[in-house]
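Trainee:
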Amino acid sequence: MEDLEMKAEFWRGKRVLLTGHTGFKGSWLSLWLQSMGAQVVGYALAAPSNPSLFDVAEVGQGMTSIIGDIRDLEHLRKVFAEHKPEIVIHMAAQALVRYSYVEPVETYSTNVMGTVNLLEAVRGTNSVRAVVNVTSDKCYDNREWVWGYRENEAMGGYDPYSNSKGCAELVTAAYRNSYFHPDKYKEHGVAIASGRAGNVIGGGDWAEDRLIPDIMRAITQGKLVSIRNPHAIRPWQHVLEPLSGYLVLAQKLYEEGAAYAEGWNFGPNDEDAKPVQWIVEKLTKAWGGGAGWELDGGEHPHEAHYLKLDCSKAKMRLDWHPRWHLEDALGAIIEWQRAYRDGKDMRELTLRQIGAYNGIQKH
48 MEDLEMKAEF WRGKRVLLTG HTGFKGSWLS LWLQSMGAQV VGYALAAPSN PSLFDVAEVG
108 QGMTSIIGDI RDLEHLRKVF AEHKPEIVIH MAAQALVRYS YVEPVETYST NVMGTVNLLE
168 AVRGTNSVRA VVNVTSDKCY DNREWVWGYR ENEAMGGYDP YSNSKGCAEL VTAAYRNSYF
228 HPDKYKEHGV AIASGRAGNV IGGGDWAEDR LIPDIMRAIT QGKLVSIRNP HAIRPWQHVL
288 EPLSGYLVLA QKLYEEGAAY AEGWNFGPND EDAKPVQWIV EKLTKAWGGG AGWELDGGEH
348 PHEAHYLKLD CSKAKMRLDW HPRWHLEDAL GAIIEWQRAY RDGKDMRELT LRQIGAYNGI
408 QKH
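Residue 100 in our numbering sits at position 53 of the sequence shown; the count goes up by one each step and never skips.
What follows is the structure in structure tokens.
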């Protein structure tokens, strides 16, 4: 991966429109872009939880933050017309599997029509050069096999969330083929790619029904952590890992165009695909104070047991590689949550962890 100084030099002054900037991943990426001097415009619903990383780390301070619904095409078009972005990173989504069972219409309208709206806004804006649509590792037709899914595998998805992400990939491919075909790049000058990442973890995640937030909530309240699927294996990675991939990909799209306008996987190395129980035991032990866990034996909707990405393409063609092992990621989470508990400056701490990831200082 290119060093931080080269990357920061590229992003300095770039007009970036980021959807979903108030969410967990969006807040981390907003701060990272701000730290490199990008002119960031965010478009999203209000922060999805209280507390939220967006509020706690004062993410809105260094950017233009617009509260809007990705399903509102006219508003989105006005924002594009006014701010004339050069690079678009689309992260606005309904991102929870279990919630998608309860609210399938909201899930599909946000994740599928939201993607259509985003690409329509791009289609009507001459300034855009590069688009990264962030989907999910769950976009693949999951066969529960032991090897990783490659970018040319079939789209699918068992539940409404996973399926909606497969649909978003198909929408992206259709728009690329119909309006931004790589063979006609010299005519339209727009390169569109998708980024597929899995189970991201990190400080400042307060979402419902996600493992790390559930663990940290229970630990900080002095309760046992209740676990649904202790043996389910997930490709865990710190949130900064896929974000670094999106940044490298966006830069390649901007600088080299059509050659990179396709789907890309960003996941951890094989040794960091661990069972849920392993994660819980590591975090409860690291936190101390008698923290522990118990099995939740209730009825739960279907969730994939095993899912892994093959990231060979990103490693080979983007020179993208994971930097932190899972142990590093869990250490960063403990550091972040303790700092929050102790009333520290969370904007400064979050930016410091971004710096540590980039090798500016030892983590």
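Even glycine gets a Cβ: it sits at the ideal position worked out from N, Cα and C.
Suppose the cutoff is 8 Å on Cβ atoms and the five residues either side in sequence are ignored; what does the same chain contact list for H130 look like?
Mentor: Position 83 of the sequence shown, counted from the first residue, corresponds to residue 130. Cβ within range, chain order: R62, L64, V88, T111.
Trainee: Are H285 and I248 touching if we call contact CB-CB under 8 Å?
Mentor: As a first step, residue 285 is located in the sequence shown; it is residue number 238 there, counting from the start. As a first step, residue 248 is located in the sequence shown; it is residue number 201 there, counting from the start. Contact: yes.
Trainee: Measure from the C-beta of N189 to each C-beta in chain D and report whether the shortest distance is under 8 Å.
Mentor: Considering every chain present, this structure includes no chain D. It has just one protein chain.
Trainee: With DSSP collapsed to three states, give me the class of V179.
Mentor: Start at 1 with the first residue of the sequence shown, and residue 179 comes out as number 132. Strand.
Trainee: Using DSSP bridges, identify the partner residues of I248.
Mentor: For the purposes of this step, residue 248 is taken as residue 201 along the sequence shown, with counting starting at 1. Paired residue(s): H285.
Trainee: In whole angstroms, what is the alpha-carbon distance linking P282 and V193?
Mentor: As a first step, residue 282 is located in the sequence shown; it is residue number 235 there, counting from the start. As a first step, residue 193 is located in the sequence shown; it is residue number 146 there, counting from the start. Near 12 Å, if we compare the C-alpha coordinates of V193 and P282.
Trainee: Measuring alpha carbon to alpha carbon, tell me which of T69, E341, M138 ends up nearest E105.
Mentor: Here residue 105 refers to the residue found at position 58 of the sequence shown. Answer by Cα proximity: T69.
Trainee: Can you pull the DSSP bridge partners for P322?
Mentor: Mapped onto the sequence shown, residue 322 falls at position 275. Paired residue(s): I280.
Trainee: Give the range of the beta strand (DSSP E) segment to which Y307 is assigned.
Mentor: Within the sequence shown, residue 307 is the residue found at index 260, counting from 1. First-last for Y307: undefined, no H or E at that position.
Trainee: Where does Q86 fall in DSSP's three states?
Mentor: Your numbering for residue 86 matches position 39 in the sequence shown. Correct three-state label for Q86: strand.
Trainee: Where K54 and L294 are concerned, what is the direct C-alpha to C-alpha distance, given to the nearest angstrom?
Mentor: Position 7 of the sequence shown, counting from 1, holds the residue named residue 54. Position 247 of the sequence shown, counting from 1, holds the residue named residue 294. For K54 and L294, the distance between alpha carbons rounds to 9 Å.
Trainee: Could you pull the start and end residues of the beta strand (DSSP E) that W383 belongs to?
Mentor: Against the sequence shown, residue 383 aligns to sequence position 336. Looking at the DSSP string, W383 is not in any beta strand (DSSP E); the run it does join, the alpha helix (DSSP H), is 373-388.
Trainee: Thinking just about the alpha-carbon of each residue, which of R275, L143, L166 is nearest to the one in R118?
Mentor: In the sequence shown, residue 118 corresponds to position 71, counting from 1. Minimum Cα distance to R118 is reached at L166.
Trainee: Count the other C-beta atoms from every protein chain shown that fall within 10 angstroms of the C-beta of A221, then say buried if there are 16 or more, exposed otherwise.
Mentor: Within the sequence shown, the letter at position 174 stands for residue 221. The residue in question, A221, is exposed, as its Cβ has fewer than 16 Cβ neighbours within 10 Å.
Trainee: Considering Cα atoms alone, identify which of F101, R176, G203, E303 is closest to S183.
Mentor: Here residue 183 refers to the residue found at position 136 when the sequence shown is read from its first residue. The shortest C-alpha separation from S183 is found at G203.
Trainee: Are there 16 or more other CB atoms within 10 angstroms of the CB of L217, so buried, or fewer, so exposed?
Mentor: Along the sequence shown, read from residue 1 onward, the residue named residue 217 stands at position 170. So L217 counts as exposed.
Trainee: Do S209 and Y155 count as a contact pair if the criterion is CB distance below 8 Å?
Mentor: In the sequence shown, residue 155 corresponds to position 108, counting from 1. In the sequence shown, residue 209 corresponds to position 162, counting from 1. Contact flag unset, no.
Trainee: DSSP state of R264, grouped into three classes?
Mentor: Position 217 of the sequence shown, counted from the first residue, corresponds to residue 264. If DSSP states are grouped into helix, strand and coil, R264 belongs with the helices.
Trainee: Given a threshold of 16 other Cβ atoms within 10 Å of its Cβ, counted over all protein chains shown, does A140 qualify as buried or as exposed?
Mentor: Here residue 140 refers to the residue found at position 93 of the sequence shown. A140 should be labelled buried.
Trainee: Is the beta carbon of N312 less than 8 Å from the beta carbon of D357?
Mentor: As a working mapping, residue 312 is identified with position 265 in the sequence shown. As a working mapping, residue 357 is identified with position 310 in the sequence shown. Against a cut-off of 8 Å, the Cβ pair of D357 and N312 comes out as a contact.
Trainee: Which residues mark the beginning and the end of the alpha helix (DSSP H) in which T219 is found?
Mentor: Indexing the sequence shown from 1 puts residue 219 at position 172. In this chain, the alpha helix (DSSP H) harbouring T219 covers 207-226.
Trainee: To the nearest whole angstrom, what separates the beta carbons of V338 and I274, a pair I think is in contact under 8 Å?
Mentor: Within the sequence shown, the letter at position 291 stands for residue 338. Within the sequence shown, the letter at position 227 stands for residue 274. In the sequence under discussion, the amino acid at residue 338 is Ala, which differs from the Val named in the question. Not quite, the Cβ-Cβ distance comes to about 13 Å (not below 8 Å), so this is no contact.
Trainee: Along the chain, where does the beta strand (DSSP E) containing I134 start, and where does it finish?
Mentor: Here residue 134 corresponds to residue number 87 of the sequence shown, with the count starting at 1. First-last of the beta strand (DSSP E) with I134: 134-137.
Trainee: At what residues does the alpha helix (DSSP H) containing V103 begin and finish?
Mentor: Counting from one through the sequence shown, the residue named residue 103 turns up at place 56. First-last of the alpha helix (DSSP H) with V103: 100-103.
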